[in-house]
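Taking it in order: structure first as structure tokens, then the write-up.
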Amino acid sequence: VLERFGMADCRPVSTPFPVGVKLTKDMSPKTAEERQLMAGKDYMGLLGCVMY
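Residue numbers (the UniProt record's numbering): 1 to 52.
Now the structure itself:
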């Protein structure tokens with residue numbers, strides 16, 4: 001999974017995201033710049049791999 005998503009050289013760290021936060025559609029990118037930044041991220045594919 002790490003190789004598939006270009007993270008084979010990453011190191012483990014504490015999760016910087018607060019526990020229990022629920023992600024919503026309102027948190028999605030709103031500006032063209034934010035959408036461009038996220039365009040190359042296979043977020044759904046990553047979640048599918050992790051959930052599997």
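Glycine included, every Cβ here is placed at the ideal spot set by N, Cα and C.
Asked: Would you kindly work out how many angstroms separate the C-alpha atoms of M27 and V50, rounded to a whole number?; Found: 21 Å
Asked: Between the C-alpha atoms of C10 and P16, what's the straight-line distance to the nearest angstrom?; Found: 15 Å
Asked: Who are the Cβ neighbours of L2 in its own chain at under 8 Å, not counting the five residues just before and after it?; Found: A8 and C10
Asked: What residue does the alpha helix (DSSP H) around G48 start on, and which one ends it?; Found: Y43 to M51
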